[in-house]
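Enquirer: I have a structure here, written as structure tokens, and I will follow up with some questions on it.
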Amino acid sequence: MTAPITPGPAPRTPGSRTADSPAASGPATAGFAAAPGGIASVALDLEGRVALVTGAASGIGRACALRLAAAGARVRAVDRDGEGLASLAGEAEGAGAAGAVDARVLDLTDLDAAETAAEGADILVNNAGLQLVRPIEDFPPDVFHTVLTVMLEAPFRLIRGALPHMYAEGWGRIVNISSVHGLRASAYKSAYVAAKHGLEGLSKTAALEGASHGVTSNCVNPGYVRTPLVEKQIADQAQTHQIPEERVVADVLLQDSALKRLLEPDEVAEAVAYLCTPQASFITGTSLTLDGGWTAH
């Protein structure tokens, strides 16, 4: 569900994720620093819980689906990429979570189907997204509409579908994968920035309404995440500006980041997992920023 990324004047897309990109793997790309050491897991028992993760075939969504399945949840993994979902289910089985992933091919522009898919979910992770980098005067209105549909209206419908069950159970966790661009704007990303800012407001509203029902709602705001989409963006920019890929990373992507490395999908998944723990029950209506110090400026 990904619009093409058109190289522009040094575009910067933090928190990039797509519903269609293959999962990132292998050694660090040139110019990418790796995360130090392994990523420790928070203690989390979700046995008997149902989690729905959108954009689950790759990247952040895939990491979240695997993490929640490892914690004992039954995961409804939603994406347009059927092959990626099948691979996800196989990976979960290989990791000892056989049968934990219920793969569902779904286009989130089908809003009625999205709302229906969320019925009965205890945990909802709104992750699916797409990106197009263009000046406003050249931005195709149909793509703007699609971005807002997938990244704002679909999360609304998914939350709407999930809340009756959460309210009945007296417990629920809504985690919206936002972005630094939910807190800051950048040029040439009008649709993405508008959608993420809207998602922040939707998340806060759900937090206020859900508080008395035991339901929390929060955003997780990554900076640049090591995904195939980011790797492609680096290659495109290097070719467009005729500079080495490591300069794209240092001078464009990580210019405002104090930590000069990319965020790993598993690190984002751990933040999502923490928000589902009993210890996080008082955290609601906020944004957990994973930006390496970007917004400290």
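Take 14 as the starting number for the sequence shown in our numbering and just add one per residue.
All C-beta atoms, glycine included, are put in the ideal place defined by N, C-alpha and C.
Quick caveat: nothing in here was measured; it's all calculated off a predicted structure.
1) Do Thr-129 and Val-91 have their C-beta atoms closer together than 8 Å?
2) I believe Arg-260 touches Tyr-201 by the beta-carbon criterion, under 8 Å. Please report the beta-carbon distance rounded to the nearest angstrom.
3) Kindly indicate which residue of Asp-249, Arg-75 and Gly-195 has the alpha-carbon position closest to the one of Glu-104.
4) Taking DSSP as the reference, what is the three-state secondary structure of Arg-75?
5) Assign Thr-302 to one of three DSSP states: helix, strand, or coil.
6) Distance, Cα to Cα, Ala-113 vs Leu-176?
7) Assign Ser-230 to one of two classes, buried (16 or more other C-beta atoms within 10 Å of its C-beta) or exposed (fewer than that).
8) What are the residues that DSSP puts in a beta bridge with Gly-185?
9) Helix, strand or coil: how does DSSP classify Ala-90 here?
10) Which two residues bound the contiguous beta strand (DSSP E) that contains Ser-67?
11) Quick check: Val-281 and Val-233, are their CB atoms within less than 8 Å of each other?
12) Can you give the Cα-Cα distance for Ala-293 and His-226, rounded to whole angstroms?
13) Along the chain, where does the beta strand (DSSP E) that runs through Ala-116 open and close?
14) Compute the Euclidean distance between the alpha carbons of Gln-252 and Asn-189, then round it to the nearest angstrom.
15) How big is the Cα-Cα spacing for Gly-195 and Glu-182?
16) Assign Leu-320 to one of three DSSP states: helix, strand, or coil.
17) For Thr-218 and Arg-170, I'd like the C-alpha separation in whole angstroms.
18) Helix, strand or coil, according to DSSP, for Leu-57 in the structure here?
19) State the CB to CB distance for the pair Gly-133 and Val-63, rounded to an integer number of angstroms; the pair is presumed to be in contact (CB under 8 Å).
20) Can you tell me where the beta strand (DSSP E) holding Val-138 begins and where it ends?
21) Looking at the strands, I want to know which residues DSSP matches up with Leu-276.
Expert: The relevant details are as follows:
1) no
2) Not a contact, Cβ separation roughly 19 Å.
3) Selected option, being the one with the closest Cα: Arg-75.
4) helix
5) strand
6) 22 Å
7) buried
8) Answer is Val-228.
9) strand
10) The amino acid occupying residue 67 in the given sequence is Thr; Ser does not appear at that position. Segment 63-67, the beta strand (DSSP E) holding Thr-67.
11) Their beta carbons are under 8 Å apart, which means Val-281 touches Val-233 by this criterion.
12) Each residue's Cα considered, the two are about 15 Å apart.
13) 114-118
14) Note on geometry: alpha-carbon atoms of Gln-252 and Asn-189 lie some 33 Å from one another.
15) 30 Å
16) Since the first residue shown for the chain is 14 and the last is 310, residue 320 is missing from the structure and cannot be characterised.
17) 14 Å
18) coil
19) 6 Å
20) 136-139
21) Val-238
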